[in-house]
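Peer 1:
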Amino acid sequence: MEIFVERIRSMDWCSIAVGSTVDESYCNFLRLFDRIHDDCFPLSLAKYTSPPTVVRRLSSPEVQASRNGLKLARERILVDPAYKTTYSFKLKVHAKLLETVQYVSNDMRIKTSKNKAKTVWQIIKSSTCRQARHTGIKLNHNGLLIEDQSEVARLFSENKSTSTAIYDLTTFISEAVDAGDVVIGCFVDLAKAFDSASHTVLLSSLESCGVRVPALAWFESYLQMRPWVVSLGMTGSVLSPPRCANQDDSNFLVRGKDYDACVRTVQTKFGQVKDWLIDRKLRLNETKTVCMLFESRKKPGGPAGIQLGSTSVPYSEKTKFLGVVIDRTLSCRYHAQELAGKLASVCFALRKLKAITSKEVLMSAYHGLFVSRATYGILFWATDANLHSVFVAQKRALRIIQRRPAFSSCRFHFTRERLLTIYSLYIVDALAS
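So the mapping is simple: this note's numbering equals the position in the sequence shown, first residue as 1, plus 5.
1. Any contact between the segment 417 to 437 and the segment 389 to 401? By contact I mean 3 or more CB pairs, one from each, below 8 Å.
2. Distance, Cα to Cα, residue 87 vs residue 415?
3. Residue 329 and residue 385 - do their beta-carbons sit closer together than 9 Å?
4. Determine the direct distance from the alpha carbon of residue 347 to that of residue 377, and round the result to whole angstroms.
5. Looking at C-alpha atoms only, which residue of 41, 191, 97 and 261 is the closest neighbour of residue 323?
6. Does the Cβ of residue 381 have 16 or more other Cβ atoms within 10 Å, making it buried, or fewer, making it exposed?
7. Note down, in chain order, each residue of its chain lying with its Cβ closer than 7 Å to the Cβ of residue 359, except the 5 sequence neighbours on either side.
8. Going by other Cβ atoms of all chains shown within 10 Å of its Cβ, with 16 needed for buried, is residue 383 buried or exposed?
9. At the level of alpha carbons, what is the spacing between residue 107 and residue 356?
10. So the candidates are 75, 30, 76 and 113; which of them puts its Cα closest to the Cα of residue 369?
11. Less than 9 Å between the beta carbons of residue 379 and residue 344, yes or no?
12. For residue 59, I'd like the list of residues in its chain whose CB is within less than 6 Å of its CB, leaving aside the five on either flank, ordered along the chain.
13. So is residue 372 buried or exposed if we call it buried at 16+ other beta carbons inside 10 Å?
14. Does DSSP put residue 263 in a helix, a strand or coil?
15. Judging by CA-CA distance, which residue of 102, 387 and 308 is the nearest neighbour of residue 3?
16. Apply the 10 Å Cβ neighbour rule to residue 73 and answer buried if 16 or more other Cβ atoms are within range, or exposed otherwise.
17. With a threshold of 16 other CB atoms inside 10 Å of the CB of residue 267, please say whether the residue is buried or exposed.
18. Please tell me whether residue 16 and residue 37 are closer than 9 Å, where the distance is taken between their beta carbons.
19. Quick check on DSSP: helix, strand or coil for residue 319?
20. If we call anything under 9 Å between Cβ atoms a contact, is residue 294 one with residue 193?
21. What residue ranges within the segment 303 to 376 form continuous alpha helix (DSSP H) runs of no fewer than 4 residues, ordered along the chain?
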């Protein structure tokens, strides 16, 4: 950058306009400027192509013999057209053989996979001609690659989890509402937080946290003074994946006896948050900022909204907090509705897998896809009505696994398959917490 600035300053720009028209002067200026820019910042063209589609060609002695037989049959049709009927029969037999071999191949692929849920969806996408076009982000800890990426949260927050944060939030709100206090929550959203993050502010924050040379110099060389420009087109965020694996949302709660006093406190804190973001060259997305007035179910509706800066923000009926949809009465009925849709998608995946995998693989997919979603945050949203809707989806999944007709009875089948119902899973989670 210093070389570029020095060459710009040393250039005699006045000589460009001598004896030329305005258009010619501009073209001469642009030509010289581009030449200096290209010399100081050489463009590195990166040819980006979609990763080649991996074709898993099934091979076995039986399949190879069947392929050879089809090849001979096609050659014989050219000599004897009447042989076409026999060729059609062999083609059906070959298709049935491929289906059987594919069944065994998918079964073995899932059994030997370290990430069974991901492999299941890859098989489903390949069977529906929708191959994934990206690779997952791989994080490391202390220079060692993390094989199980689900361990990332534990490494960065020891003895903490999202359930801990959800518990703290809901407990604070419940205690305040039970005491008759006013509780207002403000869930702040940032506009393009990762794209607009200032490198200077990041380095200053690292230094204030105790990061010194040479570690600080390493971060600085990573963020600044790039001697080339890479052109890739529309690639999304300008930041690297490891730093994008963070939350760009924040929230705060205000509790008090008087509603007007709580509103003034929220407005003050919101102004402080906004000033803090401006100082760090971040921009608040006021259109996506949500405010909620938490109330008792027996209490009638209160004010319609709140004034935050120059924007009038209406009180929202619901919002998502760490994957759990909460509403102003903490009934979590909206979360149950959203969860029902997700579990319906899982049942669709199980139905697709049923034709190409074994029952053992279906059970593995059930635990990885269905149970993990159904039990997340179950201590906070579990009511009789919510659990019933999940139990209906659970019985549907069990029928798919057992290849039984719809609406058939599931009595004793959970015990036979050694599976816990959603009610039992709730009890286990409650005892373990």
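We put the beta carbon where it would ideally sit given N, CA and C, even for glycine.
Peer 2: If we stick to the structure as given:
1. yes
2. 53 Å
3. yes
4. 11 Å
5. 191
6. buried
7. 367, 405 and 408
8. buried
9. 16 Å
10. 113
11. yes
12. Legend: pLDDT at residue 59 = 44, less than 50; position of this residue unreliable, value from coordinates given subsequently. Closer than 6 Å at the Cβ level, and outside the excluded window around residue 59, lies no residue.
13. exposed
14. coil
15. Lying before the first or after the last residue shown, residue 3 is absent from the chain, which here runs from 6 to 438.
16. exposed
17. buried
18. yes
19. strand
20. yes
21. 338 to 359 and 364 to 370
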